[in-house]
Amino acid sequence: MSSIPAISVVDVHKSFGPLAVLKGVSFDVPRGSVVSMIGASGSGKSTLLRCINHLETPSAGEIYIDGEPMHFRVAGDGQRKPRPIAEINRLRRDLGMVFQQFNLWPHMTVLGNVVEAPRRVRGLKRSEAGELALECLRRVHLLDKAGEYPARLSGGQQQRVAIARALAMQPKAMLFDEATSSLDPELTDEVLAVMRDLARDGTTMIVVTHEMRFAREVSDRVLFLHNGLIEEAGAPEEVFGAPKSERCRQFLSKYLPKYVQ
Amino acid sequence: MSAALAEALNPAVFWEYRAILLKGLAFNFYVFACAAAAALILGLGAALLRVNRWRALRWAGTLHVEIFRNAPDYVMVVWIHFVLPLLLGLAIGRRLEFPPFLSAVIALGLVYSGYFAETFRAGIQSIPLGQIEAGRACGMPERLILWRVILPQVVRRMLPEAVNQFVSLFKATTIVSLIAVPDLMYQVSMVTQQEMRPLPLYTGAALTYFAIVFLAASLVRAAAERWRQKVYA
Ligand SMILES: Nc1ncnc2c1ncn2[C@@H]1O[C@H](COP(=O)(O)OP(=O)(O)OP(=O)(O)O)[C@@H](O)[C@H]1O
Ligand SMILES: [Mg+2]
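Chains A and B supply the protein sequences, listed in that same order.
Residue 1 is where the first sequence starts when you use this note's numbering, and the numbers rise one by one after that.
Residue 1001 is where the second sequence starts when you use this note's numbering, and the numbers rise one by one after that.
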């Protein structure tokens, strides 16, 4: 095993016009580890995740997936060239993304949603892609819903389909952007349980979440984002148990009064 | 008096000329099918221009829509058939003539592409961005997202409106007789000149068109509704 991190974020800046959202963020996600990202609304968590798989283009800085730069490549003469979209699409296959709003394709069945990318993007044969998709649906405990349309599923089930869809690309890492934030509390647990299983199986994950208990139990590392900067980072016991920064303490006290005295 | 009325309404003459009238009706279908295909393809093209990220292309799409959507069918048919060849002929310095069928298809195709473009555009813009980003996140190229994620949903959503536009287009095919495309209306007027029996002939034509449009539209609407309900239940 090499020591190259699965994802390496190096001094990433992102502005929307005059609004600077990310102001120089750096961190590594070692292979097989879970990094949770917490922070107030508007602190730039989604923007950062979206920069990682190029749904947003960073204004500066770079992201490396398994050592490969996501946004540029180094040409023969040592010059940095922005990658053409086809190469970015190829690199994106290595990153599964799960959105707050599920974003399933409503005109396809559950199986259709999961089979689509392996079949059309990776070019697997129908039978291979089908088997792979069923395996992914099994991992999220939805084998029995393979033939349903998303509209007939609960929110928790839809989100698990979205997880299966991302897993079906056999990515090197999974990005979760508030995967449970639009779910009723009683549906949150079934999704968190699936994410726990993934973490236990050694899936590399970046998890943006407001579920502090989950972050505390599952993560190897927790980042607290504030105003586009990592204000605090550390093992979950450190960040939740004894936050160094006053802002982090304030933020956590809203969620976990019992952890912060 | 009532005998005269019965005689005037006697549909036998319509039946007597059924072979030639049916041939005419076939022309309505040919024009309809070709113009519909042209309108769908051009309409989709114009819609894609209108949702493009480049301003000049968006503008071109809007221009297309506004020109053709606001042109009356009849004026377009006449203009394409009589004026356009004249213009082109002057440009290349040679006399030019379009076959009536071709003019009819171009004119109706263009006019209805204006309507279809708007329907396509509204459909495309109604697809939540999240679904498109989910495709991108899976590494799908934009073209694949268009064909697999966007258009299948757009087609379902636009069906009710598209059926209405197809109905209008089919009805509009009756004006092509004015540039001597031998459609049902054209044949009816030819037979009328021979038989001097406009009442049964034109009434028969009206009823025929009505029956076809009514039946076809009802069938397609019912099928479309069932298809939609299956997915969006
Ligand atoms: N496409 C965009 N254009 C302009 N501003 C944007 C865009 N996307 C995000 N922003 C702004 O960037 C800031 C950070 O947004 P972001 O969605 O990253 O926050 P977040 O930490 O994910 O918040 P939340 O917890 O509410 O999801 C916000 O002020 C937001 O308005
Ligand atoms: Mg967010």
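Cβ atoms here follow ideal geometry from the backbone N, Cα and C, with glycine treated the same way.
This one's a predicted model, so the numbers in the text were calculated from it and none came from an experiment.
> According to a CB-to-CB cut-off of less than 7 angstroms, which residues of the stretch 1140-1161 of chain B neighbour chain A?
Replying inline: Answer in chain order: M1140, P1141, L1144, R1148, V1149, P1152, Q1153 and R1156.
>> Extract the residue ranges of the alpha helix (DSSP H) inside the stretch 1147-1216 of chain B, only unbroken runs of 4 or more that lie entirely within it.
In response: Counting whole runs of 4 or more residues, the stretch 1147-1216 of chain B contains the alpha helix (DSSP H) stretches 1151-1172 and 1184-1195.
> Grouping DSSP H, G and I as helix and E and B as strand, with all else coil, what is V1051(B)?
Replying inline: If DSSP states are grouped into helix, strand and coil, V1051(B) belongs with coil.
>> On the DSSP letters alone, give me the boundaries of the alpha helix (DSSP H) that M195(A) sits inside.
In response: If you look at M195(A), you'll find it in the alpha helix (DSSP H) that goes P185 to R200.
> Among S1168(B), M1140(B), E1225(B) and M1158(B), which one has its Cα closest to the Cα of A1117(B)?
Replying inline: Ranking S1168(B), M1140(B), E1225(B) and M1158(B) by Cα distance to A1117(B) puts M1158(B) first.
>> Less than 6 angstroms between C-beta atoms, sequence neighbours within five positions excluded: which residues of the same chain meet that for R1095(B)?
In response: Closer than 6 angstroms at Cβ, skipping near neighbours: G1089.
> In chain order, what residues of the same chain have a beta carbon less than 8 angstroms from the beta carbon of P171(A), not counting five sequence neighbours either side?
Replying inline: Contacts found: R93, D94, L95 and G96.
> CB-CB under 7 angstroms to L187(A), same chain, minus the five flanking residues each way: which ones, in chain order?
Replying inline: Within the same chain, and ignoring the five residues on either side of L187(A) in sequence, the residues whose Cβ sits closer than 7 angstroms to its Cβ are S154, G155 and G156.
>> Tell me which residue opens and which closes the alpha helix (DSSP H) that K23(A) is part of.
In response: Counting along the chain, K23(A) falls outside any alpha helix (DSSP H), though it belongs to the beta strand (DSSP E) covering L19 to V29.
> According to DSSP, is G247(A) helix, strand or coil?
Replying inline: As written in the sequence, residue 247(A) is Arg, which differs from the Gly given in the question. Of the three classes helix, strand and coil, the one that applies to R247(A) here is helix, per DSSP.
>> Less than 7 angstroms separating the Cβ of L19(A) from some heavy atom of ligand 1?
In response: Remark: the C-beta of L19(A) is in contact range of ligand 1, defined as less than 7 angstroms to any heavy atom.
> K262(A): beta carbon under 7 angstroms from a heavy atom of ligand 2?
Replying inline: Any property of residue 262(A) remains undetermined from this structure, which presents chain A solely from 1 to 261.
> L223(A) bridges to which residues according to DSSP?
Replying inline: Answer is M37(A) and A233(A), bridged to L223(A).
> From the DSSP output, which residues share a beta bridge with E62(A)?
Replying inline: Answer is V10(A).
> Of all the residues that make up the stretch 78-95 of chain A, which are near chain B by a beta-carbon distance shorter than 9 angstroms?
Replying inline: Flagged, chain order: I85, A86, I88, N89, R90, L91, R92, R93, D94 and L95.
> Is it the case that the CB of E1273(B) approaches a heavy atom of ligand 2 more closely than 7 angstroms?
Replying inline: Residue 1273(B) cannot be examined here, being either before or after the span of chain B that is shown, 1001 to 1233.
> At a cut-off of 7 angstroms, is L211(A) close to ligand 1 when judged by its beta-carbon and the heavy atoms of the ligand?
Replying inline: One point to set straight first is that residue 211(A) is Glu, not Leu, in the sequence displayed. No, the Cβ of E211(A) stays beyond 7 angstroms of every heavy atom of ligand 1.
> Can you find a C-beta in chain A that's less than 8 angstroms from the C-beta of C1034(B)?
Replying inline: No, C1034(B) lies away from the interface with chain A (no Cβ there is under 8 angstroms from its Cβ).
> Residues of chain B with a CB under 8 angstroms from the CB of R120(A): which are they?
Replying inline: Here the neighbours are M1140, L1144 and R1148.
> Is any beta-carbon of chain A found at less than 8 angstroms from that of E1133(B)?
Replying inline: Closer than 8 angstroms to some Cβ of chain A, the Cβ of E1133(B) qualifies, so yes.
> Are the C-beta of A117(A) and some C-beta of chain D separated by less than 8 angstroms?
Replying inline: Annotation note: the requested chain D is absent from the structure, which comprises protein chains A and B.
> For G17(A), which option in S59(A), V25(A), A40(A) and S36(A) has the closest C-alpha, if you only look at C-alpha atoms?
Replying inline: Of S59(A), V25(A), A40(A) and S36(A), the residue nearest in Cα terms is S59(A).
> At a CB-CB cut-off below 8 angstroms, which residues of chain B make contact with N227(A)?
Replying inline: Chain B residues near N227(A): none, gap ~25 angstroms exceeds 8 angstroms.
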